[in-house]
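In my numbering, the protein residues as written are 55 to 267.
Every residue gets a Cβ at the ideal spot worked out from N, C-alpha and C, and that includes glycine.
To start, the structure under review is shown below, and the notes come after it.
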Ligand code: MLT
C-alpha cells in the first residue's frame with residue numbers, strides 16, 4: 055500500500071492505533087527498505103513510513119547535501135528539512151495516520167534533528183541513532199516536553215562527541231525532554247541500540263487509550 059508522493063517511500067500500515075507511526079530515516083547510501091526490519095522490531099504493529107533521501111552523493115541517497123565528512127551545506131539542510139516535514143504532512147493525509155516518531159540513523163538521524171529544530175510540529179518525538187548537530191546556529195524552536203532519545207557510540211569515528219552533546223543541548227534548550235546515552239560502540243548499530251530504542255518507544259509513546267494525534 056504505497057501511493058506516489060513527493061518522496062519515493064514505503065508505507066506499511068500497522069494494526070495497532072495506540073502505537074504512533076514510525077518515520078524511518080536511513081543513513082547515507084541506504085534506501086526506503088533499509089530500516090523496515092528495525093522499525094518492525096522497535097514498534098511491532100505500528101505503521102511504518104520510510105522515505106528515500108532525495109539528494110544523491112554519487113549513487114548514494116542522502117537527506118541533505120554535505121561539503122565533506124561532518125561538514126554540512128546548511129542551506130540545503132534547511133531546505134530538505136522543510137521538504138521532509140511537508141512530505142510527512144502529505145503522507146499523514148494520504149494514509150490517515152497520526153504524527154510520527156522519527157527513528158533515524160546517521161544522516162537520517164541528522165535530518166530528523168533538523169526537522170525537530172525547524173518544523174517542530176511535524177514529529178511527536180524522535181529516536182536518533184549516531185546523530186550530530188545539523189545546524190551551527192539553530193533557530194529558537196518550541197519542543198516543550200517532546201521526548202527525544204539520542205544514542206551515541208563512544209568510539210564513533212564519524213560523530214564527534216562534542217557535536218552529539220551540542221545537539222542534545224540545543225534540543226533541551228528548545229524544551230525537549232532529551233535522554234542522551236553513550237554506549238561502547240562505533241558508528242554502526244548494535245543489538246543494544248535496537249533493544250534500547252524498543253524500550254524507549256514502548257515507555258514514551260505507547261498508551262493504552264490510543265489517543266495519540
Ligand atoms: C552526515 O553526513 O549526515 C553524517 O556525517 C553521517 C553520515 O551520513 O555519514
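Helix, strand or coil at residue i [DSSP, three-state]
i	result
residue 162	helix
residue 211	coil
residue 117	coil
residue 82	coil
residue 104	strand
residue 156	strand
residue 264	Confidence at residue 264 is low in this model, with a pLDDT of 45, below 50, so its placement is unreliable and the value that follows should be read with caution. Residue 264: coil per DSSP, three-state reduction.
residue 139	helix
residue 200	coil
Residue i vs residue j beta-carbon contact at 9 Å
i	j	result
residue 149	residue 80	no
residue 186	residue 155	no
residue 153	residue 181	no
residue 141	residue 60	yes
residue 62	residue 95	no
residue 138	residue 176	yes
residue 88	residue 76	no
Neighbourhood of residue i by C-beta, 8 Å cutoff - its chain only, sequence neighbours within 5 removed
i	result
residue 191	none
Contacts around residue i, its chain only, beta-carbon distance under 6 Å, and the 5 residues preceding and following it disregarded
i	result
residue 171	192 and 195
Inter-residue Cα distance where the pair is residue i and residue j
i	j	result
residue 188	residue 71	32 Å
*When a residue counts only if its C-beta is closer than 6 Å to some heavy atom of the ligand ADP, which residues count, in chain order?*
By its list of ligands, the structure shown excludes the ligand ADP, since it contains just the ligand MLT.
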